[in-house]
Amino acid sequence: MRILHLLSTVDPRAGGPTEGVLQSGLSMQAMGHEIEVVSLDAPDAPYLRAFGLRLHALGPSRGFYGLCPRLVPWLQEHAPRFDAIIVNGLWQYHSFGAWKALRGSKVPYYVFPHGMLDPWFKRTYPLKHLKKCVYWPWAEYRVLRDARRVLFTTEEERLLARESFRLYRANEEVVSFGTRQPPADSPALRDAFLAKFPQLRAKRAILFLGRIHEKKGCDLLLKAFAAVRDIDPRAHLVMAGPDDSDWAAQLRTLAKDLGIEDRTTWTGMLTGDLKWGAFRTSDVFALPSHQENFGIAVAEALGSKLPVLISDKVNIWREVKEDGAGIVATDTLDGTIDALSTWLRMDARAASVMREQALDTFMRRFHVDAMSKDLVRVLRDTANTRDDGITRGALSASFER
19 MRILHLLSTV DPRAGGPTEG VLQSGLSMQA MGHEIEVVSL DAPDAPYLRA
69 FGLRLHALGP SRGFYGLCPR LVPWLQEHAP RFDAIIVNGL WQYHSFGAWK
119 ALRGSKVPYY VFPHGMLDPW FKRTYPLKHL KKCVYWPWAE YRVLRDARRV
169 LFTTEEERLL ARESFRLYRA NEEVVSFGTR QPPADSPALR DAFLAKFPQL
219 RAKRAILFLG RIHEKKGCDL LLKAFAAVRD IDPRAHLVMA GPDDSDWAAQ
269 LRTLAKDLGI EDRTTWTGML TGDLKWGAFR TSDVFALPSH QENFGIAVAE
319 ALGSKLPVLI SDKVNIWREV KEDGAGIVAT DTLDGTIDAL STWLRMDARA
369 ASVMREQALD TFMRRFHVDA MSKDLVRVLR DTANTRDDGI TRGALSASFE
419 R
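419 is the number that the numbering used here gives the last residue of the sequence shown; the numbers go up by one with no jumps.
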């Protein structure tokens with residue numbers, strides 16, 4: 019099949035959607051499919067060279083919304099070359115532009131919301147949600163309504179998506195999601211990471227790896243670590259991710275106020291061998307997030323034989339709990355304290371069993387090849403068919419373009 023992915027950006031700092039497209043695209047290429055990507059990045063963006071798929075950067079885009087005048091004409095000209103077009107993410111111009119270019123086209127498009135319909139945003143940012151409510155009927159509602167399928171990575175995400183807007187209509191389908199298997203453990207990976215952060219030698223590193231953002235529960239992790247640090251004097255918190263925001267500065271101050279400044283390492287964003295070295299030298303992975311659609315980093319941790327301490331707002335928590343691949347708690351301070359203290363007090367045999375289970379869970383549930391095969395199944399089953407298997411909000415039946 020010939021498949022085109024649309025992304026607002028391929029900047030690796032954007033997190034899960036970019037990594038998901040890259041890894042699934044490489045996997046599908048290995049299966050014999052042709053994969054191309056369109057982004058709204060400027061053609062001279064420095065991170066484009068490292069992207070491993072054929073890329074069309076149509077920017078520069080304008081403003082936070084990413085208005086890109088070249089997108090619609092490009093899609094109208096090139097869409098007939100593809101069997102399916104997949105829109106990754108919402109709330110920026112690439113999704114609405116896809117609808118404008120492809121509605122009524124013979125080329126079907128699909129949408130991965132990637133958690134962007136989660137009602138957490140509605141509760142946490144009510145003013146932003148009010149603005150989205152005004153925008154919703156004229157743009158994203160139509161994007162979802164006219165998509166051949168709206169693809170969710172977990173059943174949890176699918177159900178939560180129905181709660182954000184009263185007006186809702188979508189051909190829903192849950193598909194597997196995952197990432198590539200991490201590189202094999204090796205002294206070289208460990209040595210590279212510890213050479214850069216020698217203070218972590220002989221420590222029980224509790225690794226957070228992701229965007230330093232309030233939805234990730236970073237403040238909970240710092241406060242919980244301060245509460246449990248005396249359980250094991252070797253315990254050390256590693257905060258890995260882009261840390262140049264105002265929120266990150268506030269968290270550094272919080273760590274100092276909590277008296278854990280000397281037991282917390284801020285690495286900045288990690289890539290390549292340093293990233294995998296962080297996974298391989300850590301004792302456990304922690305993500306007490308308030309909202310997490312899938313969590314690529316969670317899957318990467320599992321694939322590195324690293325048990326995960328996650329909240330029940332990470333949408334794959336049920337699979338982790340069922341398999342015994344980690345510890346699941348509430349996204350509260352008490353829940354995070356309980357998860358950390360349980361791990362730090364766990365005996366060596368039980369911890370070893372959990373490490374083996376982490377890898378098994380990754381291979382069975384979250385390997386990118388399983389995702390690619392499931393996505394191809396959906397595309398082949400639906401690309402040349404139309405159906406009315408839709409879920410409608412209370413007002414959707416009467417709203418038409």
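Heads up, the beta-carbon is just placed ideally off N, CA and C, and yes, glycines get one too. The structure presented is a predicted model; accordingly, all values stated were derived computationally and were not measured.
Just to confirm before moving on: does the CB-CB distance between His254 and Leu218 stay below 9 Å?
yes
For Pro61, tell me which candidate among Leu76, His51, Gly70 has the shortest Cα-Cα distance.
Leu76
Going by C-alpha distance, which of Ser182, Ala347, Ala296 is nearest Leu239?
Ala347
Reduced DSSP category for Leu305 - H, G, I as helix; E, B as strand; rest coil
strand
Have a look at Asp275 and Gln268 and give me their C-alpha separation to the nearest angstrom.
10 Å
Cutting at 8 Å between CB atoms, please list the residues of its own chain near Arg252, excluding the five before and the five after it.
Ala220, Lys221, Arg222
What are the boundary residues of the alpha helix (DSSP H) that His112 is part of?
111-120
Cβ-Cβ distance between Lys323 and Glu279 below 9 Å
no
Spatially closest choice to Ile21 from Leu272, Thr27, Ile103, Gln41, by CA coordinates:
Ile103
For the alpha helix (DSSP H) that contains Thr400, what are its first and last residues?
386-400
For Asn106, which residues in the same chain have their Cβ closer than 7 Å to its Cβ, ignoring the five residues on either side in sequence?
His23, Leu24, Leu25, Pro35, Val39, Phe130, His132
Backbone CA spacing between Asp101 and Val90 [nearest angstrom]:
18 Å
Quick check: what's the CA-CA separation for Leu58 versus Thr27?
6 Å
Suppose the cutoff is 8 Å on Cβ atoms and the five residues either side in sequence are ignored; what does the same chain contact list for Ile230 look like?
Cys236, Met257, Gly259, Pro260, Asp261, Ser263, Trp265, Ala266, Leu269
Local conformation of Met287 per DSSP, three classes
coil
Is Arg420 buried or exposed, if buried means 16 or more other CB atoms sit within 10 Å of its CB?
Residue 420 cannot be examined here, being either before or after the span of the chain that is shown, 19 to 419.
Please confirm whether Ala157 and Trp92 have their CB atoms less than 9 Å apart.
no
Where Thr27 falls: helix, strand or coil (DSSP):
coil
Let me know the secondary structure DSSP gives Ala412 once reduced to three states.
Unreliable placement is indicated for Ala412, whose pLDDT of 39 sits below 50; the coordinate value is still reported in the next sentence. Ala412 falls in the coil class under three-state DSSP.
Below 8 Å on the Cβ atoms is my contact criterion, and I expect Gly196 with Met389 to pass it. Report the Cβ-Cβ distance as a whole number of Å.
4 Å
For Leu324, is the beta carbon positioned less than 8 Å from some heavy atom of the ligand ADP?
Ligands displayed in this structure: none; no statement on the ligand ADP is therefore possible.
How is Arg72 classed by DSSP in three states: helix, strand or coil?
strand
The beta strand (DSSP E) that contains Ile103, what's its start and end?
102-106
For Phe82, count neighbouring Cβ atoms within 10 angstroms of its own Cβ and tell me buried if that reaches 16, exposed if not.
exposed
At what residue ranges does the region 309-358 contain a whole run of the alpha helix (DSSP H), taking only runs of 4 or more?
314-321, 335-341
Touching or not, the region 297-316 and the region 326-345, by the rule of three or more beta carbon pairs under 8 Å?
yes
How about Val193 and Leu393: do their beta carbons lie closer than 9 Å?
yes
Specify whether the region 199-209 and the region 147-164 touch according to this definition: at least 3 beta carbon pairs, one from each stretch, less than 8 Å apart.
no
Whether Asp291 touches Asp341 by CB criterion (9 Å)
no
Return the CA-CA distance between Ala245 and Ala273, expressed in angstroms with no decimal places.
12 Å
Helix, strand or coil for Ser45 per DSSP?
helix
Determine, using beta carbons only, whether Gln47 and Leu71 come nearer to each other than 9 Å.
yes
Once the 5 residues before and after Asp301 are set aside, which same chain residues still bring their CB inside 7 Å of it?
Arg222, Ala223, Ile224
State yes or no: is the C-beta of Leu185 within less than 9 Å of the C-beta of Phe303?
no
Reduced DSSP secondary structure (H/G/I, E/B, other) of Ala253:
strand
Which residues in the same chain as Leu108 place their Cβ atom closer than 6 Å to its Cβ, once the five residues preceding and following it in sequence are excluded?
Pro131, Met134, Glu158
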